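K.L.:
All letters in the sequence shown, in the order written, are residues -23 to -1, 1 to 153 by mature numbering (1 follows the signal peptide of the UniProt record, and there is no 0).
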Amino acid sequence: MKRLLPVLALALVSFAQMPEAHAQNRAAGGPQRLGNFGSWTAATHQEGGGKVCYAFTRAAKSEGGGARQNVMLTVTQRPQGRDQVAASLGYAFRRENNRDAEITGAVGSNELRFYGVQNNAFAQEGSAAVAAFKAGRDLVIKGPGPQGKGATTDTFSLSGFSAAYEAISKECPPRR
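1. Could you check what DSSP says for Lys126 in three-state terms: helix, strand or coil?
2. Whose C-beta lies closer than 6 Å to the C-beta of Phe133 among residues of the same chain, with five residues either side of it excluded?
3. If you reduce the DSSP assignment to three classes, tell me which class Phe70 lands in.
4. Looking at the unbroken alpha helix (DSSP H) that takes in Val48, where does it start and where does it end?
5. For Thr21 versus Cys149, is the C-beta spacing smaller than 8 Å?
6. Please tell me whether Phe91 and Gly82 are closer than 8 Å, where the distance is taken between their beta carbons.
7. Go ahead and pull the three-state DSSP assignment for Ala4.
8. Among Gly103, Cys30 and Ala98, which one has its Cα closest to the Cα of Asp60?
9. Write down the C-beta distance between Val84 and Ala105 rounded to the nearest angstrom, noting that I regard them as a contact closer than 8 Å.
10. Can you tell which of Tyr142, Phe14, Asn97 and Arg55 has the C-alpha that lies nearest to the C-alpha of Pro121?
11. I'd like to confirm something about Ser136: is its beta-carbon nearer than 7 Å to some heavy atom of the ligand NAD, or not?
12. Return the CA-CA distance between Ile80 and Ala32, expressed in angstroms with no decimal places.
Structure below.
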């Protein structure tokens, strides 16, 4: 019992300091969850002295391109840019003939254009993509596979997107 007492005391002190450590992480600009909304999560963090809010979801289904990880769709609100839509498809896009990879997206019959740069595909028109997401059920993104070989298809659920978007827009309102 005498040997157990110092271990218990150390555990108690460590446990008591956890809220303080968590508060320091939040103060340092670590991510703060705003909530879960269907398939989507909304969060915020500090970047370059300003607040950034984002909503993200993982792919519900991924085909082609072999084993890919962290296939995600993100919508971000920054002080210098609203409705930034990006998809990370789990591989780097190949640049050919001095052109970025061409990626297409579809929400129902609504076609969206994306362009690939390094590891991300960006919506050419973020506001149009957000409007389509609010009205749709799924986003299907198709693009060239890793090293330009084959093709990939990723499906993202839009269930909960409107509520997640509302949460990030409220937390990071547009500048006037």
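Every residue, glycine too, gets a C-beta built ideally from N, C-alpha and C.
Since this is a predicted model, take the numbers as computed values, not measurements.
P.N.:
From the atom records:
1. coil
2. Thr34, Ala36, Leu50 and Leu116
3. coil
4. Where Val48 is concerned, there is no enclosing alpha helix (DSSP H), given that its DSSP letter is neither H nor E.
5. yes
6. yes
7. With a pLDDT of 49 at Ala4, under the threshold of 50, the modelled position of this residue cannot be trusted; read the value that follows with caution. Of the three classes helix, strand and coil, the one that applies to Ala4 here is helix, per DSSP.
8. Gly103
9. With a Cβ gap of about 10 Å, Val84 and Ala105 do not count as contacting.
10. Asn97
11. By its list of ligands, the structure shown contains no ligand whatsoever, and the ligand NAD lies outside what it can speak to.
12. 21 Å
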